[in-house]
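Accompanying notes for the structure given below.
In UniProt numbering, the protein residues as written are 1 to 276.
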C-alpha cells in the first residue's frame, strides 16, 4: 500500500499537496517579498499622513479645475495640440521608413551573416534601452527648444523598436511566395520585393499606425522638457496655477487621442484583414 502511495505521489505530486520543505520555501519567499516591500516603502518615505496630504492636495486641484476653461490664449492651446500631432506623425513616419531596411537586415531569413545580424540587433537593443524622454533632453541641448527636438526624440526612440518588430514580421513570412519568384527566374532582391514585402507591408503599416497613436500621447510629455507641443502649454499653466485651463488641455488631449485611436484602429483592422 505504501509503495502504491509513493508511486502515485511521484506521478501526481500536486494531488497530495505541498511537502513541508515546499511550504517552508514558499513561506520564506513571501517573507522576503513583504520585507522588500516594506523596505521600499520606508526608503521612499511612504507614510499614511503623507499619502493623505497628497490626496487632499489633489482634491483641491481637481476642484480648481472645474469648470474647465480655454482661457484667453486658446489659440495657442490649439496650436500646441496641432504641433504635438505633427511631431508624432513626422517622428513616426521617419522612424518607420528607416526601420524597414533595418528590419530586413535583422531578419534571420534575409541576412545569413550571424555577425552582421547579431551586431545590428545588439545596437538596436542599446537604442531601445534609452527612454524617449532622455532623447528629448539630449536633442533640446543639441538643437534647442522647439518641436524639432521632439520629432528627433520620437524618431530615434522608435527606430529600434519598429526595426525589431519588422524583423520578427519578416521572419514569420511564408517562404512559398519567395520560392515561387525564384523558381520563375527572379533573383534574391526580386524574391524579397515580390515574395516577402507584400506579406509584411500591411503588418508594418499597422504597427506604424499604432506607434503614431502612442506617440501622440508621448508628445505631450516631451513638451514639458522643452520639446514643443501641447506639453509646453501644460507646463506653463501649471507653473502659474491656471488649473481650469489645464483641465481644458487635458480634455482636448483625450478627445484628440480618442479620434486618432478610432481612425487608426479602423485602418489597422482593414490592413490586417487585407493581409488575412
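C-beta: ideal position from N, C-alpha, C; glycine also.
Note that the structure is predicted; figures quoted are calculated from it, not measured.
- Shown here, residue 247 sits in a helix according to DSSP, grouped into three states.
- In this structure, residue 235 sits away from residue 229, with a CB-CB distance that is not shorter than 8 Å.
- For the pair residue 69 and residue 245, the CB atoms are nearer than the 8 Å cut-off.
- Residue 161 holds the alpha-carbon nearest to the alpha-carbon of residue 122 among 140, 161, 134 and 148.
- The beta carbons of residue 227 and residue 149 sit closer together than 8 Å.
- For residue 161, the enclosing alpha helix (DSSP H) covers residues 147-171.
- When C-beta atoms of the stretch 106-126 are compared with those of the stretch 161-178, three or more pairs fall below 8 Å, so the two segments count as touching.
- Taking a cut-off of 8 Å on C-beta distances, the stretch 205-221 touches the stretch 75-94, as three or more cross pairs fall below it.
- Of all C-beta pairs linking the stretch 113-127 to the stretch 151-160, three or more are shorter than 8 Å, placing the two stretches in contact.
- Straight-line spacing of the CA atoms in residue 131 and residue 81 works out to 22 Å.
- Comparing alpha-carbon positions, the option among 266, 270, 267 and 250 lying closest to residue 77 turns out to be 250.
- In the structure shown, residue 66 falls within a coil segment according to DSSP collapsed to helix, strand and coil.
- In this chain, residue 193 is not harboured by any alpha helix (DSSP H), its DSSP state being neither H nor E.
- With fewer than 16 other Cβ atoms inside 10 Å of its own Cβ, residue 60 counts as exposed.
- Under the three-pair Cβ rule at 8 Å, the stretch 111-121 does not count as touching the stretch 186-204.
- A Cβ-Cβ contact shorter than 8 Å links residue 152 with residue 143.
- With at least 16 other beta carbons inside 10 angstroms of its own, residue 156 counts as buried.
- Put simply, the backbone Cα of residue 267 is about 23 Å away from that of residue 194.
- Between the alpha carbons of residue 40 and residue 30 lies a gap of roughly 15 Å.
- Residue 269 and residue 213 have their C-alpha atoms spaced approximately 15 Å apart.
- Relative to the Cα of residue 215, the nearest Cα in the group 176, 256 and 186 belongs to 256.
- Its chain contains 226, 227 and 228 as the residues whose beta carbon lies nearer than 8 Å to that of residue 145, once the 5 sequence neighbours on both sides are disregarded; these appear in chain order.
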